[in-house]
Amino acid sequence: DKRLEIKDEL
Amino acid sequence: NIFRVLGDFSHLASIFILLHKIQQLKSCSGISFKSQVLYMLVYITRYLDLPWTSSPYNFIFKVLFISSELYIIYLMARAYKPTNDPNLDTFHVEFLLGFAGLLALLFPYKYTILEVFWAFSIWLESVAILPQLFMLQRTGEAEAMTAHYIAALGMYRALYIPNWIYRYFSEPTHKVDTIAVTAGILQTILYSDFFWIYYTKVMRGEKFKLP
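Protein chains in written order, with the working numbering: chain A, 177 to 186; chain B, 2 to 212.
Below is the structure:
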């Protein structure tokens, strides 16, 4: 899901 | 990937350079307090998910960014306050807050508190250097350490661009994080003029001085 992708960068 | 890691360490290095500059020269002259407060706001609004961060790598960086920014603000507002000249730091940050707030409210990925604040922090970060660059323009020159600080900070987001390209091709989903990529490119463009002078002057041993 997109949300997880966002949160994996700083 | 290597671009991502180099970018994050460049970000961390920029903070150490700034702290070193303030403590070595016992002065925060040439540093925009407004930009530092904007970065604090960026970290707070982006890292609202701190307690739920599963990756130790991200968790450690988030804690380091928040705590070091708090310390920088303490140094500028208390310990070295007399060396901080508000008359040179006159950029109107309400424009930047309005810009980031508007984009965050208009185009978040989802209308949830975390997502809107996350988008706000990404847009705000893309323009948070402007008070610093504006101050630099007013003084016309910068100490070497200040120039190194801005260069390392700018390199961090610039290195995220090849990271996104690498991820696009290496990950099976081929997703593009449009907000982060658009803001990241904008952020890097805002530094381009600075990078050019840094490259042609500071990297050749000269003082950072605007033409």
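Positions of the beta carbon are idealized from the N, C-alpha and C atoms, including for glycine. No experiment lies behind these values; they were computed from the predicted model shown.
Residue-chain proximity (residue i, chain A), Cβ-Cβ < 8 Å
| i | result |
| --- | --- |
| B:Ser-56 | yes |
| B:Asn-59 | yes |
| B:Phe-62 | yes |
| B:Ala-80 | no |
| B:Ala-181 | yes |
| B:Asp-50 | yes |
| B:Asp-86 | no |
| B:Asp-9 | yes |
Proximity of residue i and residue j at Cβ, strictly below 8 Å
| i | j | result |
| --- | --- | --- |
| B:Glu-144 | B:Lys-35 | no |
| B:Thr-147 | B:Ile-32 | yes |
| B:Asn-85 | B:Met-77 | yes |
| B:Ile-18 | B:Tyr-150 | yes |
| B:Ala-129 | B:Leu-39 | yes |
| B:Ile-74 | B:Met-41 | yes |
| B:Trp-124 | B:Leu-104 | yes |
| B:Asp-90 | B:Met-136 | yes |
| B:Leu-160 | B:Leu-7 | yes |
| B:Gln-133 | B:Leu-211 | no |
| B:Thr-189 | B:Arg-158 | yes |
| B:Leu-131 | B:Leu-191 | yes |
| B:Leu-51 | B:Leu-115 | no |
| B:Ser-28 | B:Tyr-81 | yes |
| B:Leu-26 | B:Ser-69 | no |
| B:Tyr-167 | B:His-175 | no |
| B:Glu-126 | B:Val-43 | yes |
| B:Asp-9 | A:Leu-186 | yes |
| B:Asn-164 | B:Arg-47 | no |
| B:Phe-209 | B:Glu-142 | yes |
Buried versus exposed, by CB contacts within 10 Å (16 or more), residue i
| i | result |
| --- | --- |
| B:Phe-121 | buried |
| B:Gly-185 | buried |
| B:Ser-11 | buried |
| B:Tyr-199 | buried |
| B:Gln-37 | buried |
| B:Trp-53 | exposed |
Chain B contact for residue i (CB, 8 Å cutoff)
| i | result |
| --- | --- |
| A:Glu-181 | Residue placement at A:Glu-181 is poorly supported in this model, since its pLDDT is 49, which falls under 50; the coordinates still yield a value, given next. Closer than 8 Å to some Cβ of chain B, the Cβ of A:Glu-181 qualifies, so yes. |
| A:Leu-186 | yes |
Residues bridged to residue i (per DSSP)
| i | result |
| --- | --- |
| B:Lys-210 | B:Glu-142 |
Any 3 or more C-beta pairs closer than 8 Å across the stretch 52 to 63 of chain B and the stretch 105 to 125 of chain B: Contact between the stretch 52 to 63 of chain B and the stretch 105 to 125 of chain B is not established, with fewer than three Cβ pairs separated by less than 8 Å.
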